[in-house]
Amino acid sequence: MPYFTVSVVLHNAVAGDYETLNKKMIDAGFTRHIGREKVYKLPEGEFNYGSGLLNKQEVADLALQVAEQIRFIPAILVTESGGRTWRNLDLK
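The sequence shown lines up with residues 119 to 210 when you count with this note's numbering.
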């Protein structure tokens, strides 16, 4: 199953926008954490998506659909993982 790192920027965000984004993205199947043995929180605006069905373009479209409910013309970046590493993320 491919995994994707998804970055979302809400331009001109106001208080509460990213909290709303987090809830809506989770409802759409995204997660806010990464890791298996130890699970870490992703930075604000970053999401993880595991899909056996969607490709990276479809994941980007899904993220855009969700983010557009909050702010006009959000920025979306999707990277398909071939392996990831990180440093200094907070434990979940």
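In this text, a Cβ means the ideal position worked out from N, Cα and C, and glycines have one as well.
Just so we're clear, the structure is a prediction, and the values are computed from it rather than from any experiment.
Look at the Cβ atom of residue i, then the Cβ atom of residue j, and state whether they are nearer than 9 Å.
| i | j | result |
| --- | --- | --- |
| residue 210 | residue 153 | yes |
| residue 166 | residue 148 | yes |
| residue 143 | residue 178 | no |
| residue 135 | residue 188 | yes |
| residue 141 | residue 207 | no |
| residue 196 | residue 124 | yes |
Within the continuous beta strand (DSSP E) that includes residue i, where are the two ends?
| i | result |
| --- | --- |
| residue 127 | 121 to 127 |
| residue 197 | 193 to 198 |
| residue 166 | 164 to 168 |
Among the options, whose alpha-carbon lies nearest the alpha-carbon of residue i?
| i | options | result |
| --- | --- | --- |
| residue 150 | 122, 170, 189 | 122 |
| residue 119 | 204, 141, 198 | 198 |
| residue 200 | 194, 183, 174 | 174 |
In terms of residue numbering, what span does the alpha helix (DSSP H) encompassing residue i cover?
| i | result |
| --- | --- |
| residue 182 | 174 to 185 |
In this structure, what does DSSP give as the bridge partners for residue i?
| i | result |
| --- | --- |
| residue 144 | Beta-bridge pairing links residue 144 to no other residue. |
Would you say the beta carbon of residue i is closer than 8 Å to some non-hydrogen atom of the ligand FAD?
| i | result |
| --- | --- |
| residue 194 | By its list of ligands, the structure shown contains no ligand whatsoever, and the ligand FAD lies outside what it can speak to. |
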